[in-house]
Amino acid sequence: MSQGKIIGQMLTRIVRRSSVVSIRQTKRFISTLQTKQEIENFVNNSTWSVKELIQQNDELMKDIQIDSKTIRKMLKLSGLRLSDLTQEREQELISSLKSQMVFINHLYKNEGERKEIYSSNDSIFRLIASDHIPEEPLSLDKLLKQIEDLPNTIDPEKGEIEGSFAIKDINPRNDKFFTIRTK
């Protein structure tokens, strides 16, 4: 099936589904939602699913290698308990992650050069922009300059504020160390 045909089918489903759902929900919303509890129930119940919009492509999913080791590592990094993971749930997560990877690969398909970067980095990836900008190499001269400028610099990321409290001001008689007295 061609890429254009798949996208066309997905868009058709989205438009049909959203127009039907929005008409039904608008009527239901206006006529029945009277209390805070009813509104909470309405918002918390899903009316559609991603699975309805994206068809599973088994052929493309076979090319993606995700095993239980990957799933367990992701759960551990996410801070979730591995003790609650059953074999069936693990297979569901593997299948879900594979379908997400198919979708991501589909998004990057026509980007040429960018795809090469993505595919070489798909095992470990962080979503922090600064991690992906290569830094200039640090030379001895630059390091010495940074050390020289250190007492005069203020780093807002560390919570430092210009003109704020300096620990050396506690004991002006001795600038090599400081003491704190408790009452």
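In the UniProt record's numbering, the protein residues as written are 1 to 183.
Using N, Cα and C, we set each Cβ at its ideal position, and we do this for glycine too.
Model, not experiment: these values are computed from the prediction.
- Per DSSP, the continuous alpha helix (DSSP H) segment holding Ser99 begins and ends at Gln87 to Tyr108.
- Contact between Leu85 and Lys76 does not hold, since the beta-carbon distance rounds to 10 Å and is not under 8 Å.
- Of Leu150, Asp141 and Asp58, the smallest CA-CA separation from Ser96 is found for Asp58.
- Counting only the Cα atoms, Leu140 lies some 19 Å from Pro151.
- Apart from sequence neighbours up to five positions away, the residues of its chain that approach Leu33 with a beta-carbon distance below 8 Å are Ile39 and Phe42, ordered along the chain.
- Contact between Met61 and Ser99 holds, with the beta-carbon distance rounding to 7 Å and staying under 8 Å.
- DSSP, reduced to helix, strand and coil, places Ser68 within a helical segment of the structure shown.
- Counting the other CB atoms within 10 Å of its CB gives Ile71 a total of 16 or more, which places it among the buried residues.
- Excluding five sequence positions before and after Ser68, the CB atoms of its chain that fall closer than 8 Å to its own CB belong to Glu90 and Ile94, given in chain order.
- Rounded to whole angstroms, the Cβ separation of Ile64 and Val102 is 7 Å, and the two are in contact under 8 Å.
- Note that the C-beta distance between Ile154 and Glu148 is not below 8 Å.
- Taking Gln56 as reference, the option from Thr35, Thr47, His106 and Pro156 with the minimal CA-CA separation is His106.
- Between Pro134 and Ser78, the alpha-carbon positions lie close to 27 Å from each other.
- The DSSP-derived three-state label of Ile161 is coil.
- Per DSSP, Ile154 is not a residue of any alpha helix (DSSP H), being assigned neither H nor E.
- Assignment of Leu144 by DSSP, reduced to helix, strand and coil, places it in the helix class.
- DSSP places Lys183 in the coil class of the three-state scheme, outside both helix and strand.
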